[in-house]
Amino acid sequence: MKNVLVVVDMQKDFIDGALGTKAAAAIVDNVAQAVRAFDGEVVFTRDTHHDDYLETQEGRNLPVPHCIEGTDGWQLDRKLEVLRTDDMKIFDKPTFGSVALAAYLKADGEVESVTLAGLCTDICVISNALLIKAYMPETEVRVLERCCAGVTPQSHANALEAMKMCQIKIV
Ligand SMILES: [Zn+2]
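Counting with my numbering, you get residues 927 to 1097 for the letters of the sequence shown.
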């Protein structure tokens, strides 16, 4: 059995780019430390949009182009990119949750726990945590509170509460 750490959307546009926040910048070192210390497999997700972003449903609701594939803002933060080795998979996803990630974890068959860290607590972290829980009801799903940040401090706190109610361990 093995443990997996999912590093969600630690991309420049969410840290110091188009949708960056001070709260996001403040967790980068914590996430890097979690990656270094993790005993198990580490995977990453990247929010990935294209030139048609403003015509997508996400773009109509949030008309701020970000994480356009190939741009600087789409890249992982440098402090995480330097820690990433070739065996660490990246899941590029068209919007919040990654079905490919959940299917990959389920297909593995040996995953005992999934731990999530990254951005944003209230959008992509909660979406992926609940998606993984749905795919793998007998797998423990955890979220590292100090390695997440929300769009606002209030929505970060709300998302942690919502995940707690859904039996996701906030640690
Ligand atoms: Zn997006």
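Each residue gets a CB set at the ideal place from its N, CA and C atoms; glycine is no exception.
> What separation, rounded to the nearest whole angstrom, lies between the Cα atoms of K938 and T1065?
Replying inline: In this structure, the straight-line span from the alpha carbon of K938 to that of T1065 is close to 31 Å.
>> For M1014 and K1005, what's the separation of their Cα atoms in angstroms?
In response: Approximately 15 Å between the Cα atoms of the pair.
>> On the criterion of 16 or more Cβ atoms from any shown chain inside 10 Å, does A1033 qualify as buried, or is it exposed?
In response: With fewer than 16 other beta carbons inside 10 angstroms of its own, A1033 counts as exposed.
>> Any heavy atom of ligand 1 inside 6 Å of the beta-carbon of E973?
In response: In the sequence as displayed, the identity of residue 973 is Asp instead of Glu. The beta carbon of D973 sits closer than 6 Å to at least one heavy atom of ligand 1.
> alpha helix (DSSP H) containing L1070: first to last residue?
Replying inline: Unbroken run through L1070 is the beta strand (DSSP E), E1066 to A1075; no alpha helix (DSSP H).
> From the DSSP output, which residues share a beta bridge with I994?
Replying inline: For I994, which the question treats as bridged, DSSP gives the partners H975.
>> Distance check for A951 and A1085, CA to CA, integer angstroms please.
In response: Looking at the two C-alpha atoms, the distance is approximately 19 Å.
> Counting along the chain, where does the beta strand (DSSP E) carrying F940 start and finish?
Replying inline: Unbroken run through F940 is the alpha helix (DSSP H), K938 to I941; no beta strand (DSSP E).
> Is DSSP giving V957 helix, strand or coil here?
Replying inline: Helix at V957.
> Can you give the beta carbon distance from V1067 to V1037, rounded, assuming they're within the 8 Å contact cut?
Replying inline: Not quite, the Cβ-Cβ distance comes to about 10 Å (not below 8 Å), so this is no contact.
>> Which runs of the beta strand (DSSP E) at least 3 residues long sit entirely within the stretch 1001-1057? Give them in chain order.
In response: The stretch 1001-1057 contains these whole beta strand (DSSP E) runs: 1016-1019 and 1037-1045.
> Where does L1086 fall in DSSP's three states?
Replying inline: Here L1086 sits in helix by DSSP.
> Is L1009 closer than 7 Å to V961 when the C-beta atoms are compared?
Replying inline: Contact: yes.
>> Which residue marks the beginning of the beta strand (DSSP E) containing V933, and which one marks its end?
In response: It spans K928 to V934 - the beta strand (DSSP E) in which V933 sits, taken as one unbroken run.
> With 16 as the cutoff for other CB atoms within 10 Å, does T1155 come out buried or exposed?
Replying inline: Outside the shown range of the chain (927 to 1097) lies residue 1155, about which nothing can therefore be said.
> From this set, C1073, K928 and Q1080, which residue's C-alpha is nearest M936's C-alpha?
Replying inline: Of the listed residues, the one whose Cα sits closest to M936 is C1073.
> When you compare only the Cα positions, how much space is there between N987 and P1063?
Replying inline: Cα to Cα, the separation comes out at about 31 Å.
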